[in-house]
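>
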Amino acid sequence: MIKVGILGANGRMGRVLIEAVHGHVNTELGFASVRESSSFIGVDAGELAGIAKQQVMVSALSDEVVKTADVLIDFTLPEALEQNLQLALAANKPIVIGTTGLTGEQLNFIDEAAKSIPVVFAANYSVGINLMLNLVQHAASVMGDDADIEIIEGHHRFKKDAPSGTAMAIGHAIANTLGRDLSKCAIYGREGLSGERSPETIGFATVRAGDIVGDHTALFATLGERLEITHKASSRLTFAKGALTAACWLKEQNKGLYSMQDVLGLV
Numbered sequence: 001m002i003k004v005g006i007l008g009a010n011g012r013m014g015r016v017l018i019e020a021v022h023g024h025v026n027t028e029l030g031f032a033s034v035r036e037s038s039s040f041i042g043v044d045a046g047e048l049a050g051i052a053k054q055q056v057m058v059s060a061l062s063d064e065v066v067k068t069a070d071v072l073i074d075f076t077l078p079e080a081l082e083q084n085l086q087l088a089l090a091a092n093k094p095i096v097i098g099t100t101g102l103t104g105e106q107l108n109f110i111d112e113a114a115k116s117i118p119v120v121f122a123a124n125y126s127v128g129i130n131l132m133l134n135l136v137q138h139a140a141s142v143m144g145d146d147a148d149i150e151i152i153e154g155h156h157r158f159k160k161d162a163p164s165g166t167a168m169a170i171g172h173a174i175a176n177t178l179g180r181d182l183s184k185c186a187i188y189g190r191e192g193l194s195g196e197r198s199p200e201t202i203g204f205a206t207v208r209a210g211d212i213v214g215d216h217t218a219l220f221a222t223l224g225e226r227l228e229i230t231h232k233a234s235s236r237l238t239f240a241k242g243a244l245t246a247a248c249w250l251k252e253q254n255k256g257l258y259s260m261q262d263v264l265g266l267v
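Sequential numbering from 1 applies to the sequence shown in UniProt numbering.
1) On the three-pair Cβ rule with 8 Å, is the region 237 to 244 touching the region 115 to 127?
2) Using the rule of at least 16 other Cβ atoms within 10 Å of the residue's Cβ for burial, across every protein chain shown, is Asp-74 buried or exposed?
3) Identify whether Ser-33 lies in helix, strand or coil by the three-state DSSP scheme.
4) Per the DSSP calculation, Ser-59 is bridged to which residue(s)?
5) Measuring CB to CB, does Ser-33 end up less than 8 Å from Leu-17?
6) Within 8 Å, do at least three Cβ pairs link the region 139 to 147 to the region 157 to 167?
7) If Gly-5 and Leu-72 are in contact, beta carbons under 8 Å, what's the gap, nearest whole angstrom?
8) Below 8 Å between beta carbons: does that hold for Asn-262 and Pro-199?
9) How about Ala-9 and Val-66: do their beta carbons lie closer than 8 Å?
10) What separation, rounded to the nearest whole angstrom, lies between the Cα atoms of Glu-112 and Ile-202?
11) Here's a check: name, in chain order, each residue in its chain whose Cβ is nearer than 8 Å to the Cβ of Ile-212, leaving out the five neighbours to either side.
12) May I ask you to report which of helix, strand or coil DSSP gives Leu-241?
13) Let me know if Glu-252 comes out buried or exposed under the rule of 16 or more other beta-carbons within 10 Å of its beta-carbon.
14) With 16 as the cutoff for other CB atoms within 10 Å, does Met-1 come out buried or exposed?
15) Give the list of continuous alpha helix (DSSP H) stretches no shorter than 4 residues that lie fully inside the region 40 to 95.
16) Identify, in the order they occur along the chain, each residue of the same chain with its Cβ nearer than 6 Å to the Cβ of Ile-152, setting aside the five sequence neighbours on each side.
17) Helix, strand or coil for Gly-265 per DSSP?
18) Whose C-beta lies closer than 6 Å to the C-beta of His-231 among residues of the same chain, with five residues either side of it excluded?
19) With 16 as the cutoff for other CB atoms within 10 Å, does Thr-100 come out buried or exposed?
20) Could you say which of Gly-171, Ser-259 and Ala-167 lies nearest to Ile-97 if we only look at CA atoms?
21) With which residues is His-216 paired in a DSSP beta bridge?
22) Starting from Ile-6 and walking both ways along the beta strand (DSSP E), at which residues does that stretch end?
23) Tell me Gly-256's beta-bridge partners as DSSP assigns them.
24) Express the C-alpha separation of Asn-84 and Leu-257 in angstroms, rounding to a whole number.
25) Does the distance from the C-beta atom of Val-56 to that of Leu-87 stay below 8 Å?
26) Would you kindly work out how many angstroms separate the C-alpha atoms of Arg-35 and Leu-182, rounded to a whole number?
27) So, under 8 Å CB-CB, Phe-31 and Thr-76 are touching, yes? Tell me the CB distance rounded to an integer number of Å.
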């Protein structure tokens, strides 16, 4: 059994990860950690997740706690990333990272950590989304020179970053296929007299509403037809199961930076 340590256990994804570990045939909960000031410290992790008791109490994150797991999973906040990576490095533990909205500096932290420990970093851990990344590259190679390309994404009202990390991953996959620099060709909003659409641009549209778990569409439109590649997630458990698949795979890898495409054998 692989012991999984969950950082940010009181978050929406943290609770679902606890549930996923409980239901996975090859994993068990090593620890479930929260901030030192959290009122959840001392609560059974299963009760926190709304499932059966796990006999693992929620604890503050520390060097000693990190040592009790074989692999760490971090779906916390960007501002916690550096500390979480330092703890993983100190304990020489592989880490799966699903935190989005990261800055260039924070991405560099991940790159540096991967020189010493195995790291999986992905914007989205669902199998369907990672297959979609392959599909949009194929569509771009066939239609990209003639089509207007737009990416539409929707998430729940509580999501703090926009566009989503997954939408950006889709954009990068398309741009790289077409030999474009996404930082120069992306359009993140249109208002007023925006002028005729430039054929080189890749547009992004963002929806934030209710409890949408995650909807993503890549639209390729010409003057005579359009192709839409869409993925819709109905449960966060999809992402949690994918993260556990990554964790089990990562335990057997050498140091380095890996993607979910690597985990699934899609590259």
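In this text, a Cβ means the ideal position worked out from N, Cα and C, and glycines have one as well.
According to the data block:
1) yes
2) Stepping through the sequence shown from its first residue, residue 74 is reached at position 74. Result: buried.
3) Locating residue 33 in the sequence shown gives position 33, counting from the first residue. Ser-33: strand per DSSP, three-state reduction.
4) For the purposes of this step, residue 59 is taken as the residue at position 59 of the sequence shown. Note: Ser-59 sits in a beta bridge opposite Ser-33.
5) Numbered from 1 along the sequence shown, position 33 holds the residue referred to as residue 33. Numbered from 1 along the sequence shown, position 17 holds the residue referred to as residue 17. No; because the gap between Cβ atoms is not below 8 Å, this pair is not in contact.
6) no
7) Position 5 of the sequence shown, counting from 1, holds the residue named residue 5. Position 72 of the sequence shown, counting from 1, holds the residue named residue 72. Indeed, because the Cβ distance is near 5 Å, the residues count as touching under 8 Å.
8) Along the sequence shown, read from residue 1 onward, the residue named residue 262 stands at position 262. Along the sequence shown, read from residue 1 onward, the residue named residue 199 stands at position 199. According to the sequence displayed, residue 262 carries Asp and not Asn. No, Cβ-Cβ distance for Asp-262 and Pro-199 is not below 8 Å.
9) By 1-based counting over the sequence shown, the position of residue 9 is 9. By 1-based counting over the sequence shown, the position of residue 66 is 66. No, Cβ-Cβ distance for Ala-9 and Val-66 is not below 8 Å.
10) Mapped onto the sequence shown, residue 112 falls at position 112. Mapped onto the sequence shown, residue 202 falls at position 202. Their backbone Cα atoms lie some 30 Å apart in a straight line.
11) Here the question's residue 212 lines up with position 212 in the sequence shown. Once the five neighbours on either side are set aside, the close Cβ partners of Ile-212 are Gly-154, His-155 and His-156.
12) As a first step, residue 241 must be located in the sequence shown, where it is residue number 241. In the sequence as displayed, the identity of residue 241 is Lys instead of Leu. Helix, per DSSP.
13) Within the sequence shown, the letter at position 252 stands for residue 252. Classification for Glu-252: exposed.
14) Counted from its first residue, the sequence shown places residue 1 at position 1. That one is exposed.
15) 45 to 49, 63 to 66 and 81 to 91
16) The residue labelled residue 152 in the question sits at position 152 within the sequence shown. Closer than 6 Å at Cβ, skipping near neighbours: Ala-205 and Thr-217.
17) In the sequence shown, counting from the first residue as 1, residue 265 sits at position 265. If DSSP states are grouped into helix, strand and coil, Gly-265 belongs with coil.
18) Within the sequence shown, residue 231 is the residue found at index 231, counting from 1. Taken in chain order, the residues that qualify are Gly-128, Ile-129, Met-132 and His-216.
19) Working through the sequence shown from its first residue, we reach residue 100 at position 100. When all chains shown are included, Thr-100 counts as buried.
20) Residue mapping note: residue 97 aligns to position 97 of the sequence shown, counting from 1. Comparing Cα-Cα distances from Ile-97 to each of Gly-171, Ser-259 and Ala-167, the minimum goes to Ser-259.
21) Taking the sequence shown and counting its residues from 1, the one referred to as residue 216 is at position 216. Bridge partners of His-216: Glu-153 and His-231.
22) For this step, residue 6 is matched to residue 6 along the sequence shown. Note, Ile-6: beta strand (DSSP E), 2 to 7.
23) Taking the first residue of the sequence shown as position 1, residue 256 is located at position 256. Gly-256 is bridged to Pro-118.
24) The sequence position of residue 257 within the sequence shown is 257, counting from 1. The sequence position of residue 84 within the sequence shown is 84, counting from 1. Cα to Cα, Leu-257 sits roughly 16 Å from Asn-84.
25) Start at 1 with the first residue of the sequence shown, and residue 56 comes out as number 56. Start at 1 with the first residue of the sequence shown, and residue 87 comes out as number 87. It is not a contact, given that the beta carbons lie outside the stated cut-off.
26) On the sequence shown, position 35 is the one that residue 35 refers to. On the sequence shown, position 182 is the one that residue 182 refers to. Distance between the alpha carbons of Arg-35 and Leu-182 is about 36 Å.
27) Your numbering for residue 31 matches position 31 in the sequence shown. Your numbering for residue 76 matches position 76 in the sequence shown. In fact, because the Cβ distance is near 14 Å, the residues do not count as touching under 8 Å.
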